[in-house]
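Under the numbering used here, residue 357 is the last one in the sequence shown; the count climbs by one each step, no gaps. Yeah, the Cβ is synthetic: ideal placement off N, Cα and C, and Gly gets one too. First up is the structure itself, then whatever we jot down about it.
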Amino acid sequence: IEAEQLRSAKIVLSRISRMPQFEWIEELLPRIESQFGLSGNKRKIIEFESNIDLQGINFLGDLFNAIVNKNVLKITYKDFKYPEPYEIIMHPYFLKQFNNRWFLIGHNEKTGTPDWKMALDRIIKIEVLKQKYIESDIDWEEYFYDLVGITKPKNSKIQKVIIQFDQEFSPYIKTKPIHPSQINKPTENGLLIAIQVHLNYELENLILSFGEHAKVLEPEILKDRIKKRLTNALNNY
121 IEAEQLRSAK
131 IVLSRISRMP
141 QFEWIEELLP
151 RIESQFGLSG
161 NKRKIIEFES
171 NIDLQGINFL
181 GDLFNAIVNK
191 NVLKITYKDF
201 KYPEPYEIIM
211 HPYFLKQFNN
221 RWFLIGHNEK
231 TGTPDWKMAL
241 DRIIKIEVLK
251 QKYIESDIDW
261 EEYFYDLVGI
271 TKPKNSKIQK
281 VIIQFDQEFS
291 PYIKTKPIHP
301 SQINKPTENG
311 LLIAIQVHLN
321 YELENLILSF
331 GEHAKVLEPE
341 ILKDRIKKRL
351 TNALNNY
């Protein structure tokens with residue numbers, strides 16, 4: 121009976137997934153089928169990228185509930201920069217996954233920063249406090265739209281980034297754009313793309329991951345950063 125109920129729920133979800141803004145459900149359906157054995161196959165036939173050993177993942181449910189219930193949290197945090205853990209009073213707003221790691225975004229009461237970010241794998245303890253919750257008027261989907269990753273440098277402005285990809289790598293970039301704003305322009309040597317984003321460390325890392333297949337043409341500041349990091353990497357050998 122439970123399997124039939126799950127199949128019925130799957131049918132309803134399948135219909136919802138065709139509606140605008142609910143396309144993400146399409147990725148959820150195979151996960152439900154695989155997890156509960158609804159496909160009729162005894163052997164596993166699909167694998168999702170996840171890190172079940174990631175530290176801090178056990179806090180995900182509690183943090184989600186804290187956001188929904190508008191709870192203020194005292195979080196014990198162990199940063200890589202400091203030898204000892206410290207406490208942060210956090211007004212939680214948003215949870216975001218990037219590069220197979222989860223982050224909490226919220227208001228840091230001590231610094232007054234409205235978009236403070238904490239990696240869940242560095243959280244040691246969470247305690248709910250009985251104090252007034254500070255609301256946020258930030259649209260977090262819009263906030264992250266112009267970013268690759270989660271870091272928005274202070275006073276940063278959106279810039280047009282142009283990257284040249286060679287013929288070998290062009291099909292991959294066409295079928296898997298590096299950002300929603302990506303515009304493609306085929307060239308004799310491959311593919312020219314333009315994206316509108318903030319310049320941050322995650323963007324640099326992504327570009328560097330393409331190795332010799334990519335070349336930054338604009339802006340000059342990003343081009344210089346990539347060149348400097350490639351030079352430093354070469355000096356390691």
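- According to the DSSP assignment, THR351 belongs to the alpha helix (DSSP H) that extends over 340-354.
- In the three-state reduction of the DSSP assignment, ASP235 falls in the strand class, which pools E and B.
- In terms of Cβ geometry, ILE313 and ILE298 form a close pair [threshold 9 Å].
- In terms of Cα proximity to LYS198, the closest of GLU207, VAL192, ASN191 is GLU207.
- The C-beta distance from LEU183 to PRO205 rounds to 18 Å, too long to fall under 8 Å, and the pair is not in contact.
- Counting along the chain, ASP182 sits inside the alpha helix (DSSP H) bounded by residues 180-189.
- DSSP assignment within the segment 272-312 yields the following whole beta strand (DSSP E) runs of 3 residues or more, N-terminal first: 279-286, 303-307.
- GLY331 counts as exposed, since fewer than 16 other C-beta atoms from the protein chains shown sit within 10 angstroms of its C-beta.
- Our two residues, ILE327 and ALA334, have alpha carbons roughly 7 Å apart in a direct line.
- Boundaries cannot be given for ILE258, as no beta strand (DSSP E) includes it and DSSP labels it neither H nor E.
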